[in-house]
Structure formats: C-alpha cells, structure tokens
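*Asks:*
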Amino acid sequence: MQTVLPEARQRWRRLVLAFLVALAAVAASLALNPGTASAATATLTSAASGRCLDVAGGSTTPGAAVVIRDCSGAASQQWEFTTAGELRTLGGTRCLDAYNNQTAAGTRLVTWNCNGGANQQFNRNSNGSITGEQSGLCVDVVGAATANGTATQLWQCNGQANQRWSNGGGSQQCTVQPNNPNATQQARNLLCFIQSQYGNHIISGQQESTWIGGPEYEMNYIYNNTGKHPAIRGLDRGDSPDFSQRAIDWWNAGGIPMIGYHMGAPTFPDGYDGSLQTVSINRVLTPGTNENRSFHERLDGAAAELQQLEDAGVAALWRPFHEAGGTWFWWSKEGGQQYNRLWRYMYDYYTHTKGLNNLIWLHPFNGAPDAAFYPGDAYVDFSGADTYAGNGNYDPLNAMYNRMRGIVGNTMPIALHENGPIPDPARLQSTDTRWVLFNTWHGEHLTVSNSVAHLRNVYSSNYVITRDEVPDLG
C-alpha cells in the first residue's frame, strides 16, 4: 500500500476497581499453614527491569498485590521456596497465591494466608521462570512493563525477560542483541522491549498520512475515540521526506517510531508511483551507473534524517523494501536473490559506512511470505508480513502468522507490519496468533475498515500495549 500519565492512571483505576470487586467476593481467609522452608530467603529479581518481586506497600493483609519495585532488602521482598512448593514472604507468614484459585492467563498474583492449596504451589525452572503447579502458567510482569509498582500475573510461558527471575537485587541485562554490534543503548532497549512483548501482548501502531487533515489526523482520531494513543507511529520517507522531527517528538512522548520508505526506482521520482516502476537492480548496485548514483542520493537523504534521530537519542524500527515478494514494487520484481542483494547492500551501507547505530531492522514480507526473499538472520533483527483483510474483518490471520514462523522460527518476533482491520485481541489469544505488533494503515484503512466500537475494544484490551504503557527506552 502507499504510502501518559493520565492514560496510565485511567487504566490502572479500571484494574484496581476490578480487583476490589473480585476481592469482596472471596471467602474469609484460611488458616495459616507454617510449611517447611527448603532454602534461605532471597530476593527475586526480574530480568527485564532489575526490580524485585515485592508485596505492595509491605502489606500483611490477605489479598495484597504482588508487584515489582526497586530492590531495597525489605521483608516484603524476601522469598523462600519451601518443600511444599510454596513461595513464602514476610517472615514466612504469607504465601504467593493465584487469586481466587483461578488458572486463566491474566490471573493476578497476590499474597494470602498459607493454606497448602494448589494455587499456592510453584515450581522454579532452569530457565529462570516460575510456574504455577495448578495452572502451568508463568509468573509474569504485566505488559512486560518495567516501572515501579507494575503488577504480576499468571501468563502463558514464553521465555521472555519479564518471566525470568534470579536471586539477588540489581540490574539484569537483556540477552537479545541487535545484529549491529555498535547499536546504541536506545536501540538495544527497543529490541529488548519488542522481544519481551512477543507472546505476551501485541503493540499497537498507526501509520500517519500527513495529507488528510495534517500529520496528526490518524493519531487524533484514535485518541478522540479511545482515549489512547498507539504505541508505534508509522512514518514513510517517500511520503514525507522530513519525517525526523515527528519521529523525535513521538519518542519523547513515550512512543516508538517505525519508518518505511516508498523509494522510487532509481532515476524515477520518490513516492508510491515511482516505487512501482521497473529498474535493473544490477545497475542500481553497480558503481558509476546513473541508477547507482540516484540510489545513493536516496540512501544518503534518508540517512541524514535517520542521523537526526540518533543525534537526539532516538531509536527507530526501520522497515525498508516492504512487501517483499510482491511483484508491484521495483525491489521485488527480479526475484528473491536480487532483493536480498539490495537489502544487504543497504544494511551494510547504513551500518558500516554511514554508522547509523540507532536502527532496529524490521524485514517486511508481503501477505504470502516466501523464504526466497529473506536476507538472512545476520541482516534482520525481526521480521513480519502484511495483508488487508477487508472492512470489518477482524480475523487473527493465523495462517499468515504460521507461514512466517515457518521461515524465521519460533523465537524471532513476528510483526503485522501493515494492516487494515485490526485483528481482534481475544481471537489472537485464543488461536495463539502471536503478532508482536500491528500497524494500521492510514485514512479509510483506519476509519472505515475498523468500526469505532472495535477500536475501543482494541485500545482498552489488556492484551494491547498503548503508548502510555511503553517503558522508558532512553
């Protein structure tokens, strides 16, 4: 195709209200069972945030929320596994508890009088995860957030950093690294955040148009109808060559810029129409040709904008040569081998020659992903596909997702990098379709393909990450 804080408080008020309503229905606390300790007490530190598992406010009241907080050595951050499988805290007087014996993903974790119930039995695993004996689900930091006070829950195990725990306080480093060894800290943080969401949640995104009522048209439409902003702002160098300031502003507001490029076939004009033209990729990549000179002018122009982001401490998802495998854009018309040469050329030029270290490289297939158009793991940080399912069709697109997984495997995040209708969050979860992000296209792809009611359902879902829920990536 061509082309914060108040929000956070609103969501947490809804969560707290729901928690209190549920709490009122629980029977009176059960008798304390002393159990038998199997090890000394120690802190449990989240690999994603470096913060410690903590009883909110140090409360001894049954039903107190279990959260993450800066490690302080307080009694409410000291935990011990017992031979009965319990996780005890507060001097052994309270146990980690799956609220109200629930076993569904999203069940909140609290402390309760120790009673030997199956919902108070947990297993510690070699990969750092902690699983509930009753549910088989993992102890998870909600939304893979890293802020003080973030709640914990049971969630499907996925190996991400917000489900890994270690003994001892202090910062834990994310183990996922960009391919670029000189990547900025912001770029590393961004990739870690993307990876941490995979299998946990889907990150919301919206492509801007700039020509329909100004560059904020789509963002305002979403906010005015849902009270939320998308986490990702999609921009395009071909549509708007001077995108850098909007990307910087979006990052500074707590969001993530994702930048594509409808690059015109070299010697043809930039933009959508130019991108549909035909050119010899051999000539594009041969020094001294008019096509190569034109190509480098475009590479350098985009690099100058991207450098402004790096100078401002901003990382970005870089999504060039999109809909790989399609027969409409010049970069895919000569087949996978030529496409891959082009991708690798840009990657090497931007990474090694231009020294752009703030980019996370998102490789974007079309709706029928073809492994022949995959440049290789050494040139890709994560990958994705796109399709437009038709107005009002909120299908999870499971077949396309599984086709992607067959190409990139089970650990690399997979993005729905363009869409019209937004897949229904409940159906995404029920079908195990684990897109890490969506990016709704602009104009009527937002306003007609999605009903207002559906937008509200999406942007209020606990499964969907909005801009107010993105941690500080700076």
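Okay, so the sequence shown: first residue is 199 according to my numbering, each after it adds one.
Idealized CB from N, CA, C, for every residue including glycine.
1. Please classify residue 657: does DSSP put it in a helix, a strand, or coil?
2. So what does DSSP say about residue 664, is it helix, strand or coil?
3. Can you tell me which residues form a DSSP beta bridge with residue 544?
4. Let me know if residue 244 comes out buried or exposed under the rule of 16 or more other beta-carbons within 10 Å of its beta-carbon.
5. Is DSSP giving residue 428 helix, strand or coil here?
6. As an exercise, report each continuous beta strand (DSSP E) stretch of at least 3 residues that is fully enclosed by the region 380-425, in chain order.
7. Between the region 545-552 and the region 590-603, do at least 3 Cβ pairs fall closer than 8 Å?
8. Are the beta-carbon atoms belonging to residue 429 and residue 668 less than 8 Å from one another?
9. I'd like to know whether the C-beta atoms of residue 288 and residue 337 end up nearer to each other than 8 Å.
10. What are the start and end residues of the beta strand (DSSP E) that includes residue 604?
11. One question on the structure: do residue 519 and residue 543 come within less than 8 Å of each other, judged by their Cβ atoms?
12. Hey, residue 647 and residue 618 are a contact pair by Cβ (cut 8 Å); roughly how many whole angstroms apart?
13. Going by DSSP in three states, residue 583 sits in which element: helix, strand or coil?
14. Alpha carbon to alpha carbon, what distance is there between residue 627 and residue 580?
15. In chain order, what residues of the same chain have a beta carbon less than 6 Å from the beta carbon of residue 396, not counting five sequence neighbours either side?
16. Between which two residues does the alpha helix (DSSP H) carrying residue 644 extend?
17. Considering just the uninterrupted stretch of the alpha helix (DSSP H) at residue 479, what are its terminal residues?
18. Tell me the DSSP bridge mates of residue 252?
19. Could you give the distance in angstroms between the alpha-carbon of residue 386 and the alpha-carbon of residue 374?
20. I need the DSSP call for residue 337, collapsed to helix, strand or coil.
21. Relative to the C-alpha of residue 451, which residue among 353, 426, 502, 468 is closest?
22. How many Å lie between residue 665 and residue 463 at the Cα?
23. Output the boundary residues of the alpha helix (DSSP H) element that contains residue 498.
24. With DSSP collapsed to three states, give me the class of residue 374.
25. With a cut-off of 8 Å on the beta carbons, I'd call residue 631 and residue 599 a contact; round off their distance for me.
26. Measuring CA to CA, which of 623, 652, 488, 267 is closest to residue 661?
27. Please go through the same chain and pick out, in chain order, the residues whose beta-carbon is closer than 7 Å to the beta-carbon of residue 449, but skip the five residues on each side of it.
28. Cα separation between residue 517 and residue 614?
29. Please go through the same chain and pick out, in chain order, the residues whose beta-carbon is closer than 8 Å to the beta-carbon of residue 602, but skip the five residues on each side of it.
30. In or out: residue 237 buried (at least 16 other Cβ within 10 Å) or exposed?
31. Just to confirm my understanding: we take residue 476, look at its own chain, exclude 5 residues before and 5 after, and list those with CB closer than 7 Å. What are they?
32. Does the distance from the CB of residue 180 to the CB of residue 253 come in under 8 Å?
33. Identify which residue in 642, 398, 457 has its Cα closest to the Cα of residue 197.
34. Out of curiosity, what's the CA-to-CA distance linking residue 363 and residue 321?
35. Name the two residues that bound the continuous beta strand (DSSP E) containing residue 319.
*Replies:* Checking against the coordinates, here is how it stands:
1. Assigned with DSSP and collapsed to three states, residue 657 falls in helix.
2. Here residue 664 carries a strand assignment [DSSP, helix/strand/coil].
3. Bridge partners of residue 544: none, in fact.
4. It counts as buried.
5. In this structure, residue 428 counts as strand in the three-state DSSP scheme.
6. Segments of the beta strand (DSSP E) lying fully in the region 380-425: 403-405.
7. With fewer than three CB-CB distances shorter than 8 Å, the region 545-552 does not count as touching the region 590-603.
8. Going by C-beta atoms, residue 429 is nearer than 8 Å to residue 668.
9. Their beta carbons are not under 8 Å apart, which means residue 288 does not touch residue 337 by this criterion.
10. Counted as a single uninterrupted DSSP element, the stretch harbouring residue 604 is not any beta strand (DSSP E) but the alpha helix (DSSP H) occupying residues 596-606.
11. In this structure, residue 543 does not lie closer than 8 Å to residue 519 by Cβ.
12. So it is a contact: roughly 4 Å between Cβ atoms.
13. Note: residue 583 maps to strand in three-state DSSP.
14. Going from the Cα of residue 580 to the Cα of residue 627 covers about 21 Å.
15. The residues are 611, 634.
16. That run of the alpha helix (DSSP H) goes 642-645.
17. For residue 479, the enclosing alpha helix (DSSP H) stretches over residues 479-482.
18. According to DSSP, which records beta bridges pairwise, residue 252 is partnered with 265.
19. The alpha-carbon of residue 386 is positioned some 8 Å away from that of residue 374.
20. Note: residue 337 maps to strand in three-state DSSP.
21. With respect to the C-alpha of residue 451, the residue from 353, 426, 502, 468 having the closest C-alpha is 426.
22. If I take the Cα positions, the gap works out to 35 Å.
23. It spans 488-509 - the alpha helix (DSSP H) in which residue 498 sits, taken as one unbroken run.
24. Three-state result, residue 374: coil.
25. Yes, residue 631 and residue 599 are in contact; Cβ-Cβ is about 5 Å, under 8 Å.
26. In terms of CA proximity to residue 661, 623 leads the group 623, 652, 488, 267.
27. Annotation for residue 449: 455, 512 place their beta carbon closer than 7 Å to its own, counting only its chain and skipping 5 residues before and after.
28. Residue 517 and residue 614: Cα-Cα distance of roughly 12 Å.
29. Excluding residues within five positions, the ones whose Cβ falls inside 8 Å are 563, 567, 581, 582, 583, 612.
30. Because residue 237 carries a pLDDT of 46, less than 50, the predicted location of this residue cannot be relied on, and the following value inherits that uncertainty. When all chains shown are included, residue 237 counts as exposed.
31. Cβ within range, chain order: 463, 528, 531.
32. The structure shown does not extend to residue 180, since the chain is modelled only from 199 through 672, so no value can be given for it.
33. It is not possible to answer for residue 197, since the shown part of the chain is limited to 199 through 672.
34. For residue 363 and residue 321, the distance between alpha carbons rounds to 12 Å.
35. Residue 319 -> no beta strand (DSSP E), and no H or E assigned at all.
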